[in-house]
Amino acid sequence: MSGLFASFGAAPAILMTGMGLSSLQAGLYFAATVFVVFAAGLVAPRLGRRFGSRRVASVGLATAVLAGGLLLIGPSDPGLAWYSLSMVTFLWGMGLANPLGTAITMGPFGKEAGLASALLGFLTMGAAAITTWLVSVLEFAPVTTLGATQTVVCLIGLGLFVVANRLATLSNHQ
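Residue numbering for the sequence shown follows the working numbering, starting at 358 and increasing by one per position.
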């Protein structure tokens with residue numbers, strides 16, 4: 358999630374300052390990309406039932422890593438097409454990973470689900486605050502900083518998710 362918030366924090370600098378979009382055009386860009394997240398969120402449960410929630414969430418995180426990599430290896434002042442390709446790919450991956458990852462995370466807590474949800478929200482917002490701040494203060498091009506942030510935080514998330522999946526698999530076999 359923190360990569361997602363970093364995207365929102367960096368987007369005005371990229372879209373308006375870097376590409377010259379007006380505030381209305383930047384707003385329309387966000388309005389259009391929201392449908393990608395909605396679509397992914399709608400298909401995520403179906404894909405989860407068919408292929409397994411952990412597998413689909415992992416694919417979503419891997420897709421988000423790929424998208425961050427597109428920004429990282431691409432030009433430091435990309436055109437709207439390159440930036441949009443990366444962001445649509447990132448939003449699709451996060452749209453798959455977020456709802457399934459949250460459901461998987463909350464699953465074991467039963468009666469303490471409210472407390473667990475509050476803790477998850479706190480951790481998510483704390484990480485989001487840090488990554489959004491980093492994107493705004495680092496001296497690199499905003500696109501490079503955003504690409505690095507998305508790639509790193511999603512790689513960390515994917516790594517933690519893979520470890521958790523292995524532990525869950527091992528505990529189910531014992």
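Yeah, the Cβ is synthetic: ideal placement off N, Cα and C, and Gly gets one too.
For Thr374, there is no enclosing alpha helix (DSSP H), as DSSP marks it with neither H nor E. Restricting attention to alpha helix (DSSP H) runs no shorter than 4 residues, the region 398-422 encloses none. The way I'd put it, the region 453-461 does touch the region 390-401; three or more beta-carbon pairs between them come closer than 8 angstroms.
Gln507 is classed as buried because its beta carbon has at least 16 other beta carbons within 10 Å across all chains shown. If you draw a straight line from the Cα of Ala473 to the Cα of Met482, it is about 14 angstroms long.
Taking a contact as a CB-CB distance under 8 angstroms, the pair Ala421 and Gly360 counts as one, their CB atoms being some 7 angstroms apart.
With a 10 Å radius around the Cβ and a threshold of 16 neighbouring Cβ atoms, Trp449 comes out buried. Three or more Cβ pairs closer than 8 angstroms define a contact, and the region 430-438 falls short of that threshold against the region 404-417. Contact check for Ala368 and Thr488: beta-carbon distance about 13 angstroms, past the 8 angstroms limit, so the pair fails to qualify. With 16 or more other Cβ atoms inside 10 Å of its own Cβ, Ala424 counts as buried. Leu437 is the residue among Val416, Gly417, Leu437 whose C-alpha sits nearest the C-alpha of Tyr386.
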